[in-house]
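In terms of this note's numbering, the sequence shown opens at residue 1 and continues consecutively. For each residue, glycine too, the CB sits at the ideal point set by N, CA and C. A short write-up of the structure that comes next.
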Amino acid sequence: MTFDELLATYEPRLAVAFREAVDHIKSSIILARVVERLERGDVNGAIEAMQLEPEAFSALEIALQEAFNAGGTNAVGELPKVMDPQDNRVIWRFGVRNPVAEAILRDLSSTMVTHITEDQRQGVRQALEQGLARGANPRATALDVVGRQNRVTGRREGGVIGLTRYQIEFIDRARGNLASGDPDLMKKYFELKTRDKRFDRSVSTAIREGKPITGETLTRIIGRLNDKNLLLRGEMLARTETMMALGSARDEAIRQQIEAGKVQAQDVTKIWRSAGDSRVRHTHRVLNGKGVGIVETFQSPSGALLRYPGDPRAPIMETSGCRCRLEYKIDYIGAVVRRYRAEVA
């Protein structure tokens with residue numbers, strides 16, 4: 001597989017695993033328990049009743065592991081056929097069970113799930129507190145968070161579970177604008193890229209009549225905003241995490257060849273290759289085509305240091321949604337010259 005084919009294969013797998021995990025969490029929630037705790041003013045208890053646990057994302061971790069393994073295998077598969085000093089063919093292999101590789105994967109997986117669950121808990125707390133502060137009753141507040149059951153499919157739709165804190169804030173702001181009755185604020189709805197355009201006519205009519213959006217109409221509009229933002233969240237998370245897995249595995253794969261003595265670090269150059277289209281961030285367009293040694297880092301115009309695209313140590317502004325890759329070049333001629341000089345010395 002090419003690098004682009006790896007992305008096209010594993011990115012959707014991670015997105016599906018994330019959505020399925022969120023669906024399972026929603027379907028497992030016993031609404032009455034959440035409502036009962038909210039009626040007592042126990043927000044912490046309501047959150048605990050939702051069981052937003054790391055174990056819910058085990059399928060997502062498995063998908064990440066598969067992407068990591070494929071990335072390492074891909075890296076060694078791109079290396080050319082060469083002979084060692086004894087004229088034996090060099091066999092390039094990636095050891096996913098190598099202790100260093102296992103530690104990298106474990107850290108990637110743990111960081112991903114911890115970030116999701118912690119952000120989720122904070123976002124849900126925020127949504128519950130906002131709902132109660134608006135004066136919504138405990139049941140309506142709980143439904144706004146966990147979603148309402150579709151009578152046809154039986155699945156919960158809408159709700160904020162799975163969204164980031166920032167998405168929840170953004171959607172709550174949209175709710176406030178629509179419910180304000182202020183035409184200027186209500187018109188901001190049409191600027192939302194994730195809105196369901198089937199509601200545009202209803203919003204336009206309300207603005208024309210000088211009325212706020214309330215009741216069932218407001219609930220449905222916000223529910224669809226939640227669903228579309230959840231889809232976007234899954235896509236962005238999958239792209240970022242897949243890139244981190246592929247980038248980390250490819251880097252480790254080359255380092256394993258150096259550790260095994262199959263190639264020397266001084267002979268390896270890594271070259272930054274952007275996706276080559278208008279969506280590439282400016283800082284990565286500048287890096288395109290630049291090469292550094294295997295143990296060196298690329299310096300972004302932002303000042304950030306990156307070992308490779310998707311480097312988990314880099315700021316999120318440099319990794320979120322990135323589609324760049326590295327090309328590894330090995331100076332075999334230089335290696336042969338050094339071997340010859342060593343033999344005649």
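Margin query: Taking the beta carbon of S28 as the centre, do at least 16 other beta carbons fall within 10 Å, making it buried, or is it exposed?
Written below: Here residue 28 refers to the residue found at position 28 when the sequence shown is read from its first residue. By the 16-neighbour rule on beta-carbons within 10 angstroms, S28 is exposed.
Item checked: Collapsed DSSP secondary structure at F94 in the structure displayed -> Along the sequence shown, one-based indexing puts residue 94 at 94. Of the three classes helix, strand and coil, the one that applies to F94 here is coil, per DSSP.
Check: What does R148 pair with, by DSSP beta-bridge criteria?
Finding: Locating residue 148 in the sequence shown gives position 148, counting from the first residue. Paired residue(s): E157.
Note to self: For A17, which residues in the same chain have their Cβ closer than 7 Å to its Cβ, ignoring the five residues on either side in sequence?
What the structure shows: Here residue 17 corresponds to residue number 17 of the sequence shown, with the count starting at 1. A59, L60, A63, listed in sequence order.
Checklist line | DSSP three-state assignment for Y328, whether helix, strand or coil | finding: For the purposes of this step, residue 328 is taken as residue 328 along the sequence shown, with counting starting at 1. It is a strand residue.
Item checked: Bridge partner(s) assigned by DSSP for L305 -> In the sequence shown, residue 305 corresponds to position 305, counting from 1. Bridge partners of L305: Q299.
Next item on the list: Under 8 Å by Cβ, that's how I've got R273 and E209 pegged, so tell me the actual separation to the nearest angstrom.
Entry: On the sequence shown, position 273 is the one that residue 273 refers to. On the sequence shown, position 209 is the one that residue 209 refers to. So it is not a contact: roughly 55 Å between Cβ atoms.
Next item on the list: Have a look at the DSSP bridge pairing and note the partners of K270.
Entry: Against the sequence shown, residue 270 aligns to sequence position 270. Partner(s): V292, Y328.
Next item on the list: Compare the beta carbon distance of M244 and L108 with 8 Å and say whether it is the shorter of the two.
Entry: Taking the sequence shown and counting its residues from 1, one reaches residue 244 at position 244. Taking the sequence shown and counting its residues from 1, one reaches residue 108 at position 108. A contact, by the Cβ cut-off of 8 Å.
Checklist line | Alpha-carbon to alpha-carbon, S180 and K270 | finding: If you number the sequence shown from 1, residue 270 lands on position 270. If you number the sequence shown from 1, residue 180 lands on position 180. Roughly 55 Å between the two C-alpha positions.
Check: Looking at C-alpha atoms only, which residue of E48, V43, L237 is the closest neighbour of T319?
Finding: In the sequence shown, counting from the first residue as 1, residue 319 sits at position 319. Ranking E48, V43, L237 by Cα distance to T319 puts L237 first.
Check: Is the segment 124-136 in contact with the segment 2-22, if contact means three or more CB pairs nearer than 8 Å?
Finding: no
Notebook entry, point to check: How far does the alpha helix (DSSP H) with T114 in it reach, from first residue to last?
Noted result: Within the sequence shown, numbered from 1, the residue matching residue 114 stands at position 114. It spans 99-133 - the alpha helix (DSSP H) in which T114 sits, taken as one unbroken run.
Next item on the list: Closer than 7 Å by C-beta to P356: which residues in its own chain qualify, once you throw out the five before and the five after it? Chain order, please.
Entry: Here the chain has residues from 1 to 345 only, and residue 356 is not among them.
Notebook entry, point to check: Residues in its own chain within less than 6 Å of N69 by CB, not counting five upstream and five downstream?
Noted result: Start at 1 with the first residue of the sequence shown, and residue 69 comes out as number 69. V96.
Check: If we ignore side chains and look at the alpha-carbon of each, how far apart do G276 and L163 end up?
Finding: For the purposes of this step, residue 276 is taken as residue 276 along the sequence shown, with counting starting at 1. For the purposes of this step, residue 163 is taken as residue 163 along the sequence shown, with counting starting at 1. Going from the Cα of G276 to the Cα of L163 covers about 30 Å.
Item checked: Exposure of A101, with buried meaning 16 or more beta-carbon neighbours within 10 Å -> Against the sequence shown, residue 101 aligns to sequence position 101. The residue in question, A101, is buried, as its Cβ has 16 or more Cβ neighbours within 10 Å.
Notebook entry, point to check: Closest by CA to V146, which one among G291, E48, A260, D196?
Noted result: As a working note, residue 146 is residue 146 in the sequence shown. Nearest C-alpha to V146: E48.
Next item on the list: State buried or exposed for V152, treating a residue as buried only when at least 16 other CB atoms are found within 10 Å of its CB.
Entry: Here residue 152 refers to the residue found at position 152 when the sequence shown is read from its first residue. Classification for V152: exposed.
Margin query: Using CA atoms only, rank isn't needed, just tell me which of L246, R307, E78 is closest to E296.
Written below: Numbered from 1 along the sequence shown, position 296 holds the residue referred to as residue 296. Per the Cα distances, R307.
Item checked: Top-ranked residue by Cα proximity to D144, from V160, N150, A133, G154 -> The sequence position of residue 144 within the sequence shown is 144, counting from 1. When only C-alpha atoms are compared, the closest one is V160.
Margin query: Just verifying my parser: in three-state terms, what is the DSSP assignment at I29?
Written below: Locating residue 29 in the sequence shown gives position 29, counting from the first residue. Of the three classes helix, strand and coil, the one that applies to I29 here is coil, per DSSP.
Checklist line | Cβ shell of A346 (< 8 Å), same chain only, five flanking positions each side left out | finding: Past the boundaries of the shown model lies residue 346; the chain is included only from 1 to 345, so the question cannot be answered.
Margin query: As a quick exercise: from G310, R313, H282, K262, pick the residue whose alpha carbon is nearest that of N88.
Written below: Here residue 88 is taken as the residue at index 88 of the sequence shown, counted from 1. Residue K262 is the option with its Cα nearest to N88.
Checklist line | Simplified DSSP state of Q65, which is helix, strand or coil | finding: Translated into positions along the sequence shown, residue 65 becomes position 65. Of the three classes helix, strand and coil, the one that applies to Q65 here is helix, per DSSP.
Margin query: Taking only three categories from DSSP, how would you classify T164?
Written below: In the sequence shown, counting from the first residue as 1, residue 164 sits at position 164. In this structure, T164 counts as coil in the three-state DSSP scheme.
Check: By DSSP, does E36 sit in helix, in strand, or in coil?
Finding: Here residue 36 refers to the residue found at position 36 of the sequence shown. In the structure shown, E36 sits in a helix (DSSP, three-state: H, G or I).
Notebook entry, point to check: Would you call H24 buried or exposed, if buried means 16 or more other Cβ atoms sit within 10 Å of its Cβ?
Noted result: Taking the first residue of the sequence shown as 1, we reach residue 24 at position 24. So H24 counts as exposed.
Next item on the list: In the DSSP assignment, find the unbroken alpha helix (DSSP H) run with A265 in it and report its ends.
Entry: One-based indexing of the sequence shown puts residue 265 at position 265. Element bounds for A265: n/a, residue is neither H nor E.
Margin query: Between the segment 212-220 and the segment 31-38, can you find at least three pairs of beta-carbon atoms closer than 8 Å?
Written below: With a cut-off of 8 Å, the segment 212-220 and the segment 31-38 do not count as touching, because too few Cβ pairs lie within range.
Notebook entry, point to check: In whole angstroms, what is the alpha-carbon distance linking V280 and D251?
Noted result: In the sequence shown, counting from the first residue as 1, residue 280 sits at position 280. In the sequence shown, counting from the first residue as 1, residue 251 sits at position 251. Cα to Cα, the separation comes out at about 22 Å.
Notebook entry, point to check: Where I168 and G72 are concerned, what is the direct C-alpha to C-alpha distance, given to the nearest angstrom?
Noted result: Position 168 of the sequence shown holds residue 168. Position 72 of the sequence shown holds residue 72. Distance between the alpha carbons of I168 and G72 is about 36 Å.
Notebook entry, point to check: Should Q51 go down as buried or exposed, given a rule of 16 or more other Cβ atoms within 10 Å for buried?
Noted result: As a working mapping, residue 51 is identified with position 51 in the sequence shown. Q51 is exposed by the Cβ-count criterion.
Notebook entry, point to check: Taking all protein chains shown into account, do 16 or more other C-beta atoms lie within 10 angstroms of the C-beta of S300, making it buried, or fewer, making it exposed?
Noted result: If you number the sequence shown from 1, residue 300 lands on position 300. With 16 or more Cβ atoms within 10 Å of its Cβ, S300 is classed as buried.
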